[in-house]
Amino acid sequence: MTPPRPFPPSTHRSDLVPATRLARRSADGFQEAAPYAMGSYTRRVFRAIIRCLMPPPPAPSSDAILDEVESVVRNWMPYMLPISARGLWLSILILDFAPLFLFVAPSRLHRLPQAQASTLLSEMVHGRFAFLRLLVVAMRGVVLSAYFDQDEVHRAIGYRPVAFMRDRIALRDELLSPKPPRHSLQPPLPKQTGSIPPPALGTAS
Amino acid sequence: MILSHKDYAPVAEYTADVVVVGTGAGGGAVGTELAEAGAHVVFVEEGSYTPTESFNPYTSQSIPRLYRDAAATVIFGNPPIPYVEGRAVGGSTVINGGMAYRAPERVLDEWAQSMGAPELGPRGMDSVYERVERAVSVAHQHPKSVGEDSRIMQRGAEKMGWSYTVNQRNQAACVGANNCALGCPTGAKQSTLVSYLPRAFRAGADCLTDVRVERLLIRGGRAVGIEGRSVDPITRRPGHKVVVRARAVIVSCGAVQTPLLLQRHRLGRPSGLLGKNFLCHPNAKVLAIYPHDVMGWQGVSQNTQIRHFHEDGILMAENFVAPGVIAAYLPFHGARAFEIMQRFNQMVLSGVLVEDSSTGSVRRGPLGLPLVRYDIQPLDHRRFLRGVKLLAEMHFNMGAEEVLLPFFNQPSAKSMDDLKQIDRLQTSPSTLELFTPHLMGTARMGSRPEDSVVGLDGQLWDLPGCYVADASLFPTAIGVNPQITIMALATRIAERMELRRAAA
C-alpha cells in the first residue's frame with residue numbers, strides 16, 4: 560500500500576481572495592426560483608421521507624438540516640421539466656401509500672416509525688417492482704445530494720473545500736501575476752515549446 | 002453585451018448577421034469564428050451567465066444554475082440512464098471534466114471514407130484541431146497539480162500491466178482546484194465561457210441569456226431567425242417574447258435539444274434521420290474505498306485514462322466530484338450512506354465508459370418534451386461487466402477495502418471473491434446503474450441527403466440558412482470525450498460559412 564502523497568504546501572496569500580468568492584450564495588445578482596409549491600400534507604410526508612433517507616445520529620441530523628434539505632430540493636424542482644417536478648411531487652404521495660398497497664404495514668409511510676419506514680424504502684429498492692425502485696432511487700438521489708451538501712455534513716466527513724479552493728485561487732493568481740511566483744508550481748507552458756515533460760505512459764503504450 | 006431576463010421588453014426584437022442558439026463547445030466556437038471574421042453574431046442561451054467568480058463547491062446552487070433541468074434528465078430504456086447537460090453561458094464546457102482528446106484516427110478515417118470527404122480524415126482535420134487546441138490551451142497538467150486519485154489509477158494500471166495515457170486538458174495554469182463539475186473557480190479550465198466567448202464579445206458579438214428558443218423563423222423556405230421566450234427567473238415560466246432576425250441560424254443546443262427544435266418544423270425529411278442515431282457513451286461508476294486518505298478533492302482528477310481495452314470499446318478513468326454529487330448515486334441511504342461517506346477522503350471515484358455499439362432516438366413527446374430512448378445491447382452489457390470487473394480488480398490489487406459496484410442487486414464488493422459473483426448475478430442490463438454526459442449523433446452530417454440530416458457544411462438539406470454545429474453532427478460514436486471534436490467541426494462549419502459569405 561502506498562501512502563498518500565501530500566499536496567504541495569502553499570506559500571501564497573489566500574487571504575487576498577475576496578470573501579465573496581466561493582460563497583454558498585453568489586453575490587452576482589442571480590435570482591433563485593421560488594420553491595416548488597407543496598400543500599401542508601405533502602410537505603409533512605416529504606419531511607417524513609427525508610427523515611427516513613437522512614442518516615440518523617451520530618450523523619448530523621438536526622431539524623435545521625432537515626429544513627435545509629427540504630428547501631434545497633424544493634428550490635431544485637422549478638428548474639426541472641414541469642413533468643419531472645410533478646413526477647417527484649407525485650412520488651412523495653405514492654411512497655406514502657406504498658406500505659398499504661404492498662401489504663407490508665397497516666399505515667402510511669409517514670406514520671410509521673422512522674427506522675421501519677427507512678427499512679421499507681430499502682426493501683423497495685431491491686423489490687420486484689421496477690417502478691417503485693425508480694421512485695425511491697430518484698428520491699434518495701435528490702435528498703442525499705442535498706444532505707451531503709450541507710456545511711455541517713461537510714465537516715463531519717472531513718471535506719473542507721472552501722479553504723482549499725481559496726488557496727488554489729490565490730496560487731493561480733500568483734502564478735499569473737507579473738511578479739515571479741514564490742511557489743514551486745509553475746504554470747504549464749504552451750505545448751509547442753516542448754518544455755513540459757512528456758506524459759508518463761503505461762507499460763504497453 | 003450580455004443581456005438577461007430583466008433587459009427584455011415585452012416583445013424584444015434584435016437583428017444580426019448570424020444567430021447562434023447555444024454557447025457550448027459548438028455554439029461558442031462557431032459564433033466566435035464568425036464574429037472575428039466580421040459577422041455580427043447574436044448568441045441565444047437558455048441558461049444564465051455565471052462568471053468565474055461565482056462558481057462554488059456547493060451543489061445546492063450550482064446544479065440548478067448550471068445543469069439542464071437540475072440534472073433530473075433521463076434516457077428511457079433498459080436500463081434508464083440519467084444524463085447531464087450544461088445549461089449556462091458556456092454550456093456543457095462549464096461542467097465537463099476538461100479532457101481534450103481528438104477523435105481517434107480510426108474514427109476520422111471511417112467518417113472520411115463513409116462520407117467520401119477526405120477533409121474529415123485525420124490529416125484533413127489536423128489543422129482545425131490545432132487551431133481549436135490553441136484556442137482552449139490544450140496541454141498536459143503540471144505534475145504537481147495532479148490529485149492522488151489519478152496517481153492511484155496510474156500505479157494501478159502499471160501493476161496490472163495495462164497501458165494508459167495522461168490526459169491532455171483544456172486548461173491554462175490549472176492548479177487542481179478540482180471543481181470542474183460545478184464550474185472552475187480559478188478560471189483555469191478553458192470552457193467557452195473563458196476562452197471563445199470573451200473573444201466573440203471583443204469582436205462585437207452579443208448574448209441573450211435566459212431565453213429558450215421555441216421555433217425557427219422561416220421565410221420563403223429559408224431560415225431567417227428564431228423566436229423564443231425569456232425564462233422568468235422566479236417562476237421559471239415563459240416570459241417575454243424574444244425575436245432575432247438573421248441571415249443564418251446556427252443550432253448548437255446539443256444532441257437532445259437540437260433535434261427537438263428542428264423536429265418542431267418537421268425537418269430532416271430527405272433521410273428521416275433527424276433524432277435517430279442517438280449515441281451516448283454510457284458510463285458505469287466504480288467507487289473504491291481505500292484504507293488510507295486519498296483526498297481526491299485536492300488536485301486534478303481526470304488526469305489519466307486507461308486505454309488498454311480501447312480497441313474493445315472500453316475506457317476507464319477517474320473522476321472525483323463533490324460529495325453532493327457522489328451521494329446522489331449512492332446505493333444506500335440512512336446510516337449505511339453516512340458510513341460510506343465518512344470515508345469520503347479515502348475514496349477513488351472511477352468509471353467505465355463504453356463506446357456505443359447501438360443507437361437510440363430523440364423525439365418530441367407529449368407537450369413538446371424530449372423523449373430520449375436508448376437500450377443497452379448484449380455486446381455493451383458484456384463490455385460493462387468486463388470493464389467493471391477489471392477496474393474493481395485493479396482497486397483491490399491496489400489495496401482497496403471495498404468497491405461500490407454499478408449494479409442495484411449487487412451494490413458492493415469487499416473482496417475478489419465477491420467479484421466472481423458478477424457473471425452469475427448480472428444476467429440482464431436492467432440491473433445496471435449508468436449515467437452519461439456525452440450525447441451525440443442525432444443530426445448526422447454526410448455528403449448525401451438520403452443518409453444524413455445536414456451536409457458537410459453543416460447546413461440542413463431541407464432548410465437553407467439553418468446550420469447545426471454541435472455533437473449532433475457525429476455520424477458515429479467517437480469513444481473519447483467529444484468537446485474538442487465538436488469545436489473542430491464547428492470551426493470547419495464557420496470556415497465554410499465564411500467562404501460562402503466572402504464569395505457572395
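Residue numbers (this note's numbering), protein chains in the order written: chain A, 560 to 764; chain B, 2 to 505. Each residue gets a CB set at the ideal place from its N, CA and C atoms; glycine is no exception.
If you ignore the 5 residues before and after B/Phe475, its C-beta comes within less than 6 Å of the C-beta of Met441, Gly442, all in its own chain and listed in chain order. Between A/Glu629 and A/Arg606 the beta-carbon gap is near 6 Å, inside 8 Å, which marks them as a contact. B/Val287 is bridged by DSSP to B/Ser351.
Excluding sequence positions up to five before and after B/Glu402, its CB lies within less than 6 Å of the CB of Ile290, Pro292, all in the same chain and listed in chain order. Ranked by Cα distance from B/Arg220, the first of B/Lys7, B/Gly466, B/Val243, B/Ala504 is B/Gly466. Between B/Ile64 and A/Trp635, the C-beta spacing is below 8 Å. In the DSSP secondary-structure assignment, B/Arg170 is bridged to B/Met100, B/Ala140. Interface flag for B/Ile82 against chain A is unset, since no Cβ pair is found closer than 8 Å. Nearest Cα to B/Lys277 within the set B/Leu435, B/Leu261, B/Gln191, B/Leu370: B/Leu261. As the crow flies, the alpha-carbon of B/Arg337 is around 12 Å from that of A/Pro616. The C-beta of A/Arg633 comes no closer than 8 Å to any C-beta of chain B.
Residue environment: A/Ile642 is assigned as exposed (fewer than 16 neighbouring CB atoms within 10 Å of its CB, all protein chains considered). A distance below 6 Å between beta-carbons, with the five flanking residues on each side excluded, links B/Lys415 to the following residues of its chain, in chain order: Glu403. The residue among B/Asp376, B/Ala329, B/Glu46, B/Leu461 with its C-alpha nearest the C-alpha of B/Ala26 is B/Glu46.
Bridge pairing for B/Arg374: B/Phe77, B/Ser362 [DSSP]. In the assembly as shown, B/Gly300 is a buried residue. Its beta-carbon has 16 or more other beta-carbons within 10 Å. Unbroken alpha helix (DSSP H) stretches of 4 residues or longer found wholly inside the segment 440-495 of chain B: none. Per DSSP, B/Val245 lies in no alpha helix (DSSP H); the unbroken beta strand (DSSP E) holding it starts and ends at 239-252. For chain B, the residues of the segment 610-626 of chain A that bring a beta carbon within less than 8 Å of one of its beta carbons are Cys611, Leu612, Met613, Pro614, Pro615, Ala618, in chain order.
Per DSSP, reduced to three states, the secondary structure at B/Tyr9 is coil, with no helix or strand assignment. Taking C-beta separations shorter than 6 Å and ignoring five residues to either side along the sequence, the partners of B/Val31 in its chain run Ile251, Ala470, Ala491, Ile494, Ala495, following chain order. Check the Cα spacing between B/Asn79 and each of B/Lys145, B/Gln142, B/Leu433: the tightest is with B/Leu433. Partner residues in a beta bridge of A/Ala586, as assigned by DSSP, do not exist. The C-beta of A/Ala578 has fewer than 16 other C-beta atoms within 10 Å across all chains shown, which makes the residue exposed.
By DSSP's assignment, B/Tyr330 forms no beta bridge with any residue. The segment 677-710 of chain A is shown to contain whole alpha helix (DSSP H) runs of 4 or more residues at 689-706, in chain order.
For A/Ser666 against A/Ala697, the beta-carbon gap comes to about 24 Å, at or over 8 Å, which does not count as contact. In this structure, the alpha-carbon of B/Thr187 lies about 14 Å from that of A/Ala582. DSSP places B/Gly255 within a helical segment (H, G or I) once states are collapsed to three. Not one beta carbon of chain B lies nearer than 8 Å to the beta carbon of A/Ala722. The bridge partners DSSP lists for B/Leu280 are B/Met441. Apart from the 5 residues on each side of it in sequence, B/Ser473 sits with its Cβ closer than 6 Å to the Cβ of Ala256, Thr259, Thr443, Ala444 in its chain, given in chain order. Pairwise C-beta distances place the segment 343-357 of chain B in contact with the segment 379-391 of chain B, as three or more of them are shorter than 8 Å.
When beta bridges are read from the DSSP output, B/Gly229 appears opposite B/Val214, B/Val243.
Taking a Cβ-Cβ threshold of 8 Å, the residues of chain B close to A/Arg583 are Asn57, Tyr59, Ser61, Gln62, in chain order. In the DSSP assignment, B/Lys190 is bridged to B/Gln172.
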